[in-house]
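Trainee: Remember, my numbering sits 1 above the position in the sequence shown when you count from 1. Just so you know, even glycine gets a beta-carbon here, dropped at the ideal spot from N, CA and C. Predicted, not measured: the structure shown is a model, and the values here were computed from it. Can you keep this structure in mind? I'll have questions shortly.
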Amino acid sequence: MLNTNIMYQNGIQYKASEPMTVKNGVSYVAIRSLVNRVGLAIRYDSKTKETVITRGTDEMRFKLNSNTYKVNGVTTTMRGKSYATKNSNFMVPFTSITAALKLSYVLDTKAKQVTLDVTAKPVAKFTVSPSEIIAGETQVTYQATSSSPTGLAIVNEEWTGRQDMFSEPGSYVVSYRVQDSAGNWSDPYSVTINVEKPHTPPVAAFTTDKDTYKMGEKITYTDQSTDEDNSITTREWENNKLAFFTPGTQTIRLKVTNKYGLTSTIEHTITITNETLYTESDFNKLFVPVGQKYQFEGSQIPSWDKVSYSFTTEPVTLIRSNSPETNYSEGILYRETTVGKARFMIHHSNAVGKDVKMYVIATNLNDAPANLFIDSLGFAGPNANAMATGKASVQRYFSSMQTRSAEQDITLASHEQKVIFSELSAQKIKPGQVISLLSDIYTDYPVQFDVIMIDASKDPIKTLPQLSILARDGVHNRGTYTDSTRVIQYDELLGDTPKRLLLGDNSSDPFQSGFDTPFYTQSINAGNFGVLYKIRTSRVAPHTLISFNPRGGTYVGSIMVNGVLVDLPSSGVMNAPNDNVPLYRTGDKEETVDFIFTAAPGSNLSVNLLFQPLPEEK
């Protein structure tokens with residue numbers, strides 16, 4: 002009641018410690034009297050000299066002689082200052098305490114009363130899992146998260162429509178409400194659950210273009226598998242060879258799996274006659290897809306004539322950080338200062354015994370700003386498989402040439418240091434894992450580059466001055482090499498007779514000579530890893546097979562042929578000397594064929610590009 006200390010709650014009269022009072026145009030109430038009627042906890046914090054009210058998880062703080070209050074640490078300004086009466090009762094603006102407590106009210110000036118709604122219903126809420134519910138299959142879990150805004154205990158609950166398993170597909174409404182210890186029920190909280198019909202397996206199906214084939218006759222397989230949701234994720238073929246070379250029956254199987262893990266398998270049997278259309282050797286030359294390996298008699302290749310080529314170079318400085326390849330301690334793996342065009346080849350494994358990170362730190366040594374441009378970049382890892390990591394880095398390097406996706410301009414202020422190649426340092430390298438990076442850059446002023454490996458928790462810029470340069474491992478290579486792009490222009494006819502273009506052999510393709518700059522020692526780039534080869538064969542005869550054949554050991558990588566990226570191989574690895582991967586087949590006319598190649602880190606050299614006449618098609 003206005004201007005009195007009389008209060009009524011649910012028809013029962015109570016007396017406040019002080020009347021509701023107007024001061025300087027602001028109505029005030031005794032804070033403790035109002036809070037007691039609402040049923041909230043109130044206390045005095047002697048350290049901060051604040052009166053603290055708790056409502057559920059919310060906390061409100063009021064201070065004497067202040068025109069602000071706080072709710073959960075957020076300060077709000079009041080219309081007037083709080084004060085204490087002669088009887089030491091704490092008075093606060095009525096509109097501020099109601100706002101803090103989120104109490105709605107109605108002012109009736111005729112009846113001279115203010116009516117407040119202090120009822121605080123509990124709040125009911127729940128979640129349902131899993132997200133996909135299948136009729137007759139899925140056990141449904143309900144997780145209730147109900148609460149009372151006044152902190153009262155939840156003592157009762159009521160569910161409507163709840164089922165632990167729904168037997169039929171459709172939409173079901175489940176409702177939930179709770180009751181607190183004061184007897185207040187919450188409003189119902191409802192969730193609509195969509196129950197799906199059970200998934201069905203995919204249907205595996207395929208055809209062959211015929212039922213009977215000659216030996217060496219190409220077989221065309223047509224996959225006709227279906228799934229109700231078009232969600233077939235894997236297709237596993239068995240014995241689906243392009244051709245067979247022994248007579249008899251052959252059974253081909255196809256297993257398909259959808260996203261729900263359901264499978265279906267089908268098989269067909271075909272007959273191979275005693276007639277021969279192509280020998281296995283001729284068939285492979287004609288029909289094995291580009292990028293897919295096949296085996297042949299590799300011991301015959303050294304007897305083929307070599308392509309006698311010469312090369313020119315482009316002024317690109319190669320910075321090869323590859324030794325120690327397996328690193329046992331933190332430190333600087335390589336340091337070099339360069340200007341102009343440069344290429345990084347970084348390939349290292351973590352044997353430090355803990356998680357580490359690798360960084361390349363660029364330091365501008367000049368009194369003027371230096372501009373650094375990242376042109377192309379391929380990074381792979383961390384991964385335990387060194388060869389797979391090297392292959393992926395080359396794939397991404399070539400891909401970035403095509404898409405220009407790696408381009409980045411960086412400005413270094415005078416004597417500024419920055420970490421570049423963010424991909425390299427984005428992840429921790431666990432013990433036993435390998436990283437591999439290839440990148441072309443350009444700087445307009447001399448810039449020092451430090452390749453470092455340090456504890457994953459350390460700051461690279463702050464740690465660099467504390468690091469020493471690590472020694473080489475005596476097996477792998479590091480160094481700085483000039484003129485690291487080799488351009489081969491071959492204008493004589495190729496493909497009329499079997500010939501091989503040999504790379505990375507130190508004879509046709511001599512190894513680079515350079516320096517391990519930090520140790521001031523000469524270094525030889527064995528294998529020419531990091532060298533980019535631009536090869537143009539301007540006269541390739543009609544009906545020529547061009548293929549890739551490793552000679553030094555296991556090989557995986559990529560090559561660009563007429564701007565198209567070809568994996569070496571598309572699956573698995575190539576083993577010297579009997580694996581061969583088709584790269585390109587010319588048509589009915591002479592053609593110019595361009596190649597861009599760089600050796601994949603982790604693989605073995607030398608390698609051949611083979612040129613040979615295709616057999617006549619029948």
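1) Measuring CB to CB, does A100 end up less than 7 Å from R178?
2) In this structure, how does DSSP classify T314 when only helix, strand and coil are distinguished?
3) Can you check whether the CB of H348 is closer than 7 Å to the CB of P602?
4) Taking the beta strand (DSSP E) that A31 falls in, what are its first and last residues?
5) So if DSSP puts H348 in a beta bridge, which residue, or which two residues, is it bridged to?
6) What residues in its chain sit with their C-beta under 6 Å from that of I333, if we drop five residues either side in the sequence?
7) Using 10 angstroms around the beta-carbon of Y106, count the other beta-carbons present and answer buried if the total reaches 16, otherwise exposed.
8) Quick one: any contact between the stretch 396-412 and the stretch 305-314, if contact means 3 or more CB pairs under 8 Å?
9) Find out if the Cβ-Cβ distance for the pair N73, N323 is shorter than 7 Å.
10) Nearer than 6 Å: is that true of the beta carbon of E591 relative to any heavy atom of the ligand MG?
11) Which runs of the alpha helix (DSSP H) fall wholly inside the stretch 119-191 and span at least 4 residues, in chain order?
12) Check P461 in the structure and name its three-state DSSP category.
13) Reducing DSSP to helix, strand and coil, say where E592 ends up.
14) CA-CA distance, F63 and N90?
15) Rounded to whole angstroms, what's the CA-CA distance from A472 to L503? Just pull it up for me.
16) Measure how close the beta-carbons of D181 and L153 come, nearest whole angstrom, since I'm counting them as under 8 Å.
17) For P447, which three-state DSSP category applies?
18) Between which two residues does the alpha helix (DSSP H) holding E281 run?
19) Which whole-angstrom value is the C-beta distance of A577 and V448, which I expect to be below 8 Å?
20) Which term fits G554, buried or exposed, when burial requires 16 or more other beta carbons within 10 angstroms of its beta carbon?
21) Reducing DSSP to helix, strand and coil, say where Q428 ends up.
22) DSSP on G262, reduced to helix/strand/coil?
23) Quick one: what does DSSP say R38 is sitting in, helix, strand or coil?
24) So, is R537 buried or exposed, given that buried needs 16 or more other C-beta atoms within 10 angstroms?
25) Could I get the ranges of all uninterrupted alpha helix (DSSP H) runs contained in the stretch 369-413, with 4 residues as the minimum, in chain order?
26) Between M25 and G184, what straight-line distance do the alpha-carbon atoms span, to the nearest angstrom?
27) Take the Cβ of P519 as the centre, count every other Cβ of all protein chains shown within 10 Å, and call the residue buried at 16 or more, exposed below.
28) Terminal residues of the continuous alpha helix (DSSP H) containing I302?
29) Could you work out which residue in S509, D497, T498 and G475 is closest to I489 when comparing CA atoms only?
30) Beta-carbon separation of L3 and K113 under 7 Å?
31) Do you know how far the Cα of L319 is from the Cα of G341?
32) Please go through the same chain and pick out, in chain order, the residues whose beta-carbon is closer than 8 Å to the beta-carbon of P570, but skip the five residues on each side of it.
33) Could you give the first and the last residue of the continuous alpha helix (DSSP H) run that contains S97?
34) Quick one: residues in its chain with C-beta nearer than 8 Å to the C-beta of M620, no 5 flanking neighbours on either side, listed in chain order?
35) Considering Cα atoms alone, identify which of S187, T128, Y173 and V141 is closest to N157.
36) Quick one: what does DSSP say F422 is sitting in, helix, strand or coil?
Mentor: In this structure, then:
1) Here residue 100 corresponds to residue number 99 of the sequence shown, with the count starting at 1. Here residue 178 corresponds to residue number 177 of the sequence shown, with the count starting at 1. No.
2) If you number the sequence shown from 1, residue 314 lands on position 313. Three-state result, T314: strand.
3) By 1-based counting over the sequence shown, the position of residue 602 is 601. By 1-based counting over the sequence shown, the position of residue 348 is 347. For P602 and H348, yes; Cβs fall inside 7 Å.
4) Position 30 of the sequence shown, counted from the start, is the residue given in the question as residue 31. Taken as a continuous stretch (DSSP letters only), the beta strand (DSSP E) holding A31 covers V27 to A31.
5) In the sequence shown, the residue the question calls residue 348 occupies position 347. According to DSSP, which records beta bridges pairwise, H348 is partnered with S437.
6) Translated into the one-based positions of the sequence shown, residue 333 becomes position 332. Correct list, in chain order: D451, I453, L468 and I470.
7) The count along the sequence shown starts at 1 and reaches residue 106 at position 105. Exposed, by the Cβ-count rule.
8) no
9) The sequence position of residue 73 within the sequence shown is 72, counting from 1. The sequence position of residue 323 within the sequence shown is 322, counting from 1. Contact: no.
10) Absence of the ligand MG from the depicted structure is noted, as is the absence of any ligand whatsoever, leaving it without description.
11) none
12) Taking the sequence shown and counting its residues from 1, one reaches residue 461 at position 460. It is helical.
13) The sequence position of residue 592 within the sequence shown is 591, counting from 1. The answer is strand: DSSP assigns E592 an E or B state.
14) Locating residue 63 in the sequence shown gives position 62, counting from the first residue. Locating residue 90 in the sequence shown gives position 89, counting from the first residue. In a straight line, the C-alpha of F63 is about 13 Å away from that of N90.
15) Residue 472 sits at position 471 when you count from the first residue of the sequence shown. Residue 503 sits at position 502 when you count from the first residue of the sequence shown. Whole-angstrom Cα-Cα distance: 33 Å.
16) By 1-based counting over the sequence shown, the position of residue 181 is 180. By 1-based counting over the sequence shown, the position of residue 153 is 152. Right, their Cβ atoms sit about 4 Å apart.
17) Within the sequence shown, numbered from 1, the residue matching residue 447 stands at position 446. Residue state, collapsed to three classes: strand.
18) Against the sequence shown, residue 281 aligns to sequence position 280. Looking at the DSSP string, the run of the alpha helix (DSSP H) that includes E281 is E281 to F288.
19) As a position in the sequence shown, residue 577 is number 576, starting the count at 1. As a position in the sequence shown, residue 448 is number 447, starting the count at 1. A577 to V448, Cβ: 39 Å. No contact.
20) To locate residue 554, count along the sequence shown from 1; it is residue 553. G554 is exposed by the Cβ-count criterion.
21) Translated into the one-based positions of the sequence shown, residue 428 becomes position 427. Residue state, collapsed to three classes: coil.
22) Position 261 of the sequence shown, counted from the start, is the residue given in the question as residue 262. Residue state, collapsed to three classes: coil.
23) Counting from one through the sequence shown, the residue named residue 38 turns up at place 37. Reduced to three states, the DSSP call for R38 is helix.
24) Position 536 of the sequence shown holds residue 537. With fewer than 16 other Cβ atoms within 10 Å, it is exposed.
25) Those alpha helix (DSSP H) runs which fall completely within the stretch 369-413 and span 4+ residues are 387-404.
26) Here residue 25 is taken as the residue at index 24 of the sequence shown, counted from 1. Here residue 184 is taken as the residue at index 183 of the sequence shown, counted from 1. A quick correction: the sequence has Asn, not Met, at residue 25. For the pair N25 and G184, the Cα-to-Cα distance works out to about 41 Å.
27) Working through the sequence shown from its first residue, we reach residue 519 at position 518. With 16 or more Cβ atoms within 10 Å of its Cβ, P519 is classed as buried.
28) By 1-based counting over the sequence shown, the position of residue 302 is 301. Note, I302: premise wrong, no alpha helix (DSSP H); not H, not E.
29) Within the sequence shown, numbered from 1, the residue matching residue 489 stands at position 488. That would be S509, whose Cα lies nearest to the Cα of I489.
30) Translated into the one-based positions of the sequence shown, residue 3 becomes position 2. Translated into the one-based positions of the sequence shown, residue 113 becomes position 112. Cβ distance < 7 Å, so L3 and K113 count as in contact.
31) Translated into positions along the sequence shown, residue 341 becomes position 340. Translated into positions along the sequence shown, residue 319 becomes position 318. Their backbone Cα atoms lie some 11 Å apart in a straight line.
32) Your numbering for residue 570 matches position 569 in the sequence shown. G292, Q293, K294, V557, D580 and V582, listed in sequence order.
33) Taking the first residue of the sequence shown as 1, we reach residue 97 at position 96. Segment F95 to L102, the alpha helix (DSSP H) holding S97.
34) This structure cannot speak to residue 620, because the chain is shown only from 2 to 619.
35) For the purposes of this step, residue 157 is identified with residue 156 of the sequence shown, where counting begins at 1. Closest in alpha carbon position to N157, among S187, T128, Y173 and V141, is S187.
36) Locating residue 422 in the sequence shown gives position 421, counting from the first residue. Of the three classes helix, strand and coil, the one that applies to F422 here is coil, per DSSP.
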